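K.L.:
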DNA sequence: CAGCATATCTACCCCTGCGTAAGGTTACTC
DNA sequence: GAGTAACCTTACGCAGGGGTAGATATGCTG
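Protein chains in written order, with the working numbering: chain A, 475 to 688; chain B, 475 to 688.
Printed below as a string of structure tokens:
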């Protein structure tokens, strides 16, 4: 019908895999700007240039769709980080590469980042916490090797806490970056590197801050 | 009617101000565990031990109610920080007190924190970003005075970026704290103090990290 | 070209949950 | 103790949007 409207766009039949990616792209954009709650399946379908039942046929319910978005973007994010971090590099180089990978992803997939960071906490995505935990573990492992390479030791809780701090700091800067298209991701990475690594290095040396009034 | 059921609980009439606080308390709890979307006004009313039209009469629509929650908890959070930060203290002592105030709030109002951090990004609360910006500004101002007290200068963007990093790190640790009731808020504050202040102090001295492979 | 699987649409159902109308009850005031 | 204002409830209207049924078009395969 629509395909035969004179002058109208000809809707070509596309294989499932292609349509699914289009739908996910559209869903990420819509979820990103509306949030899970205010995004409607109709709008997502329209954004994808397809009708609503197709979305249900291919990707299931709204919750399923959202989870699929989070899963795809989360996997991409994790890949961006671990792909560039080689185990045999010195700790500061690992951190530097990891941060560049991370901020690079955010700069290149701002919508995806917005879904992961701003929406996924409240939406029906219970495995996002798992992804975040994995990233924290990666960072904690990095810190642990750094400590051991100095011939020192640290309690796991302290390493984990530092990793949480570092990840949180990165997320915060990333969120600022997502709202400033003109900013350079590498510049953000360098800023955070300066802020965090110098502190971590001091910790590696065993230095501690002490409250002056106990 | 209900008040006269034999053996049933006697529902006492209470002044508006009291009921409003009860409703806000209940709403914060429900929003905290369900999220904005999945929280229903019926459940909030039930949690408050009151019927639904009372909520509408006193606090307006669901959006209004949520905003009221965010506003109350956000104000409490800000108060917890600024109340203990005196301008004439040295920078590290200001930061230490601010962090203690912050983590103290989170430890004492975990539900409120969950609403602010996990729900408010997606819910209809457009002034939460403003609150966060104010906190970032407070921290940035703190850093600026610290730099100047060293007879040095720094660009505003770098100070702001460091403030974002610090605030993000604090949020991340706080979120961990919210899920670990046994943890001591002051301990978290000390951990973050060690991680961040040592780095900031290095920055104050003009030290910078440099990538080994430019 | 007949048959079939896949892709796609229009039109609809219906439930959830927001928000409200109308009326009953309690406590304060004169 | 009558009047009144504030408190509080039950019961319902109603829209938005998630999800589906059934029909239709398209292109591949023998």
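The beta-carbon is built from N, C-alpha and C at its ideal position, and this holds for glycine as well. Since this is a predicted model, take the numbers as computed values, not measurements.
Classify residue 627 of chain B: buried if its beta carbon has 16 or more other beta carbons within 10 angstroms, exposed otherwise.
P.N.:
Here residue 627 of chain B corresponds to residue number 153 of the second chain, with the count starting at 1. Counting Cβ neighbours within 10 Å, residue 627 of chain B comes out exposed, since fewer than 16 surround it.
K.L.:
Classify residue 659 of chain A as helix, strand or coil using the three-state DSSP reduction.
P.N.:
As a working note, residue 659 of chain A is residue 185 in the first chain. Three-state DSSP puts residue 659 of chain A in a helix.
K.L.:
Measure from the C-beta of residue 688 of chain B to each C-beta in chain A and report whether the shortest distance is under 8 angstroms.
P.N.:
Taking the first residue of the second chain as position 1, residue 688 of chain B is located at position 214. Summary for residue 688 of chain B: the model assigns pLDDT 44, below 50, so the residue's position carries little reliability; its value from the coordinates is reported in the next sentence. No, residue 688 of chain B does not count as interfacial toward chain A.
K.L.:
Say whether the stretch 660-675 of chain B touches the stretch 636-645 of chain B, bearing in mind that this needs 3 or more beta-carbon pairs closer than 8 angstroms, one atom from each stretch.
P.N.:
yes
K.L.:
In this structure, how does DSSP classify residue 568 of chain A when only helix, strand and coil are distinguished?
P.N.:
Taking the first residue of the first chain as position 1, residue 568 of chain A is located at position 94. Residue state, collapsed to three classes: helix.
K.L.:
Is it the case that the stretch 528-548 of chain B contacts the stretch 581-601 of chain B, given that we only count it when at least three CB pairs across the two stretches are under 8 angstroms?
P.N.:
The stretch 581-601 of chain B, when compared against the stretch 528-548 of chain B, does touch it at the 8 angstroms Cβ threshold.
K.L.:
Suppose the cutoff is 6 angstroms on Cβ atoms and the five residues either side in sequence are ignored; what does the same chain contact list for residue 651 of chain A look like?
P.N.:
Translated into the one-based positions of the first chain, residue 651 of chain A becomes position 177. Only 580, 657, 662 meet the Cβ criterion.
K.L.:
Runs of 4 residues minimum, wholly inside the stretch 551-627 of chain A: which ones carry the alpha helix (DSSP H) assignment?
P.N.:
565-582, 584-588, 602-623
K.L.:
Quick one: using the 10 Å Cβ neighbour count with 16 as the cut-off for buried, is residue 597 of chain A buried or exposed?
P.N.:
Sequence index remark: in the first chain, residue 597 of chain A carries index 123 (1-based). In this structure residue 597 of chain A is buried. Its beta-carbon is surrounded by 16 or more other beta-carbon atoms within 10 angstroms.
K.L.:
Taking Cβ-Cβ distances below 9 angstroms as the criterion, which residues of the stretch 523-535 of chain A are in contact with chain B?
P.N.:
none
K.L.:
Spatial neighbours of residue 526 of chain B within its chain, please: C-beta separation below 7 angstroms, excluding the five flanking residues on both sides.
P.N.:
In the second chain, the residue the question calls residue 526 of chain B occupies position 52. Closer than 7 angstroms at Cβ, skipping near neighbours: 515, 516, 519.
K.L.:
Can you tell me whether DSSP reads residue 455 of chain A as helix, strand or coil?
P.N.:
One cannot answer for residue 455 of chain A here, as it falls past the ends of chain A, which runs 475 to 688.
K.L.:
DSSP three-state label for residue 647 of chain A, please.
P.N.:
Within the first chain, residue 647 of chain A is the residue found at index 173, counting from 1. Helix.
K.L.:
Would you identify the three-state DSSP class for residue 672 of chain A, choosing helix, strand or coil?
P.N.:
As a working note, residue 672 of chain A is residue 198 in the first chain. Residue 672 of chain A: helix per DSSP, three-state reduction.
K.L.:
How is the alpha helix (DSSP H) around residue 488 of chain B delimited, first residue to last?
P.N.:
As a first step, residue 488 of chain B is located in the second chain; it is residue number 14 there, counting from the start. Here residue 488 of chain B belongs to no alpha helix (DSSP H), and DSSP marks it neither H nor E.
K.L.:
With 16 other CB atoms within 10 Å as the buried threshold, where does residue 629 of chain A fall?
P.N.:
Here residue 629 of chain A refers to the residue found at position 155 when the first chain is read from its first residue. Burial call: exposed.
K.L.:
Could you name the residues of the same chain whose beta carbon sits closer than 8 angstroms to that of residue 576 of chain A, not counting the 5 residues immediately before and after it, in chain order?
P.N.:
Here residue 576 of chain A is taken as the residue at index 102 of the first chain, counted from 1. Contacts found: 551, 554, 555, 644, 648, 663.
K.L.:
Closer than 8 angstroms, Cβ to Cβ, to anything on chain A: give me those residues from the stretch 619-648 of chain B, in chain order.
P.N.:
632, 635, 636, 638, 639, 640, 641, 642, 643, 644, 645, 646, 647
K.L.:
Counting Cβ pairs closer than 8 angstroms, one from the stretch 527-539 of chain A and one from the stretch 493-504 of chain A, do we hit at least three?
P.N.:
yes
K.L.:
Applying the criterion that 16 or more other CB atoms from any shown protein chain within 10 Å of the CB defines a buried residue, is residue 488 of chain B buried or exposed?
P.N.:
Start at 1 with the first residue of the second chain, and residue 488 of chain B comes out as number 14. By the 10 Å Cβ count, residue 488 of chain B comes out exposed.
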